[in-house]
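For reference, the structure discussed in these notes is given below.
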Amino acid sequence: MLLKDKVAVVTGVGSDSSIGRATARVFAAQGARVALIDIDMEAVQASGTALGEPHRAYLSDVSDAAQCRRTISHIVADLGPVDVLVNSAGIVHGTRITEIGADEYNEVLDTNLRGTFLMSQAVVPHMQAQGSGNIVCVSSIAGQSGGGVFGSSHYAAAKSGIFGLAKALARELAPHGIRVNAVAPGPIDNDFTKGRMTSDIKRELAAKIPLGRLGTPQDVANACLFLASDLSSYITGIVLDINGGLLIH
Ligand SMILES: NC(=O)c1ccc[n+]([C@@H]2O[C@H](COP(=O)([O-])OP(=O)(O)OC[C@H]3O[C@@H](n4cnc5c(N)ncnc54)[C@H](O)[C@@H]3O)[C@@H](O)[C@H]2O)c1
Numbered sequence: 013m014l015l016k017d018k019v020a021v022v023t024g025v026g027s028d029s030s031i032g033r034a035t036a037r038v039f040a041a042q043g044a045r046v047a048l049i050d051i052d053m054e055a056v057q058a059s060g061t062a063l064g065e066p067h068r069a070y071l072s073d074v075s076d077a078a079q080c081r082r083t084i085s086h087i088v089a090d091l092g093p094v095d096v097l098v099n100s101a102g103i104v105h106g107t108r109i110t111e112i113g114a115d116e117y118n119e120v121l122d123t124n125l126r127g128t129f130l131m132s133q134a135v136v137p138h139m140q141a142q143g144s145g146n147i148v149c150v151s152s153i154a155g156q157s158g159g160g161v162f163g164s165s166h167y168a169a170a171k172s173g174i175f176g177l178a179k180a181l182a183r184e185l186a187p188h189g190i191r192v193n194a195v196a197p198g199p200i201d202n203d204f205t206k207g208r209m210t211s212d213i214k215r216e217l218a219a220k221i222p223l224g225r226l227g228t229p230q231d232v233a234n235a236c237l238f239l240a241s242d243l244s245s246y247i248t249g250i251v252l253d254i255n256g257g258l259l260i261h
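Count along the sequence shown from 1, then add 12; that gives the number in this note's numbering.
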């Protein structure tokens, strides 16, 4: 059991096919007590029911500092000190640069980048007090390559920002025994793009991927497990690509 008796917080656990939910399942199977966080009330209830005891689900907006702090306090009171945080909450809009308004820009930056920053900020004091901790930030290949399936420059900018944030936190927090890493998934076969990824687009994409298929939420969850566990004990500040070879540096 790679996460036996650890308390793990996972954000963005919405649908059954989300990367967050898959990660929560994998962590629970490895012995962790998991706190699941989402902004969507129905999703929160469904995810709590799906995992059952001793795991808990919490309603929280990761882009709101007060909510992040409050939720982490509740989690510490309910489950104990937080050992692992996976920042997976995210949102994308496929909009061309000339069509992106201020509200949409803010929503995308606030959810992906500010949310990762604020949730990390909320858990770090608890991790520092313990002298250990582990943060995994779910970024995207879009932050490395600029995306390209749909126009989403704000999304690519936010995901690119997550790499800098994770690396800076890795440096700053290493003396406190806290490791921080990012993962960069390529296209994952779920409904993150809310139906825009048609089966034709998926087929065309799969044909360009050396391993011949899109990724699965489980592929990303397994990488998160590696980074969150002692299997990666000497790794901090990295970006782990999960893209079937779509982007080979
Ligand atoms: N699916 C892909 O193809 C893909 C590829 C690369 C990276 N990613 C990244 O993976 C992460 C997870 O995406 P997914 O595929 O599981 O999509 P998803 O839509 O299934 O899950 C994202 C979840 O985040 C939640 N969320 C949105 N805003 C929130 C907020 N302010 N506070 C709390 N929760 C919020 C949503 O309700 C949803 O449940 C995202 O950060 C995404 O950018 C996804």
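We put the CB at the ideal spot given by N, CA and C, even for glycine.
Residues of its chain near residue i, where Cβ-Cβ distance is below 7 Å and the 5 sequence neighbours each way are ignored
{"i": "V46", "result": "A20, V22, A36, F39, A40, L63, H67"}
{"i": "R225", "result": "A218, G256"}
{"i": "S152", "result": "K171, A196, P197"}
Cβ pair residue i, residue j closer than 8 Å
{"i": "L239", "j": "L14", "result": "no"}
{"i": "A69", "j": "L48", "result": "yes"}
{"i": "L259", "j": "S157", "result": "yes"}
{"i": "D201", "j": "S27", "result": "no"}
{"i": "V150", "j": "I31", "result": "yes"}
{"i": "N124", "j": "G102", "result": "yes"}
{"i": "K16", "j": "V96", "result": "no"}
Per-residue DSSP class, three states only, for residue i
{"i": "D50", "result": "strand"}
{"i": "R225", "result": "coil"}
{"i": "V273", "result": "Residue coverage of the chain in this structure runs from 13 to 261, which leaves residue 273 outside it and unanswerable."}
{"i": "L258", "result": "coil"}
Same chain, Cβ closer than 8 Å to residue i, neighbours up to 5 away in sequence not counted
{"i": "I254", "result": "V195, A196, P197, G198, G227, D231, V232, A235"}
{"i": "T248", "result": "A182, A186, R191, V192, N193"}
Nearest residue (CA-CA) to residue i, options the options
{"i": "R87", "options": "G224, Y167, S72, S172", "result": "Inspection of the sequence shows that residue 87 is occupied by Ile rather than by Arg. The option with the nearest alpha carbon to I87 is S72."}
{"i": "K206", "options": "G32, S75, G106, G159", "result": "G106"}
{"i": "D50", "options": "R215, A186, N99, I247", "result": "N99"}
{"i": "G155", "options": "R82, G43, H166", "result": "H166"}
{"i": "M139", "options": "L223, A186, A101", "result": "A186"}
{"i": "L252", "options": "I109, L97, A178, G92", "result": "A178"}
{"i": "V104", "options": "A182, E184, A169, G145", "result": "A169"}
Boundaries (first-last residue) of the alpha helix (DSSP H) holding residue i
{"i": "L177", "result": "165 to 185"}
First and last residue of the uninterrupted beta strand (DSSP E) at residue i
{"i": "G145", "result": "145 to 150"}
{"i": "T107", "result": "That residue, T107, is in no beta strand (DSSP E); it is neither H nor E in DSSP."}
{"i": "A69", "result": "68 to 71"}
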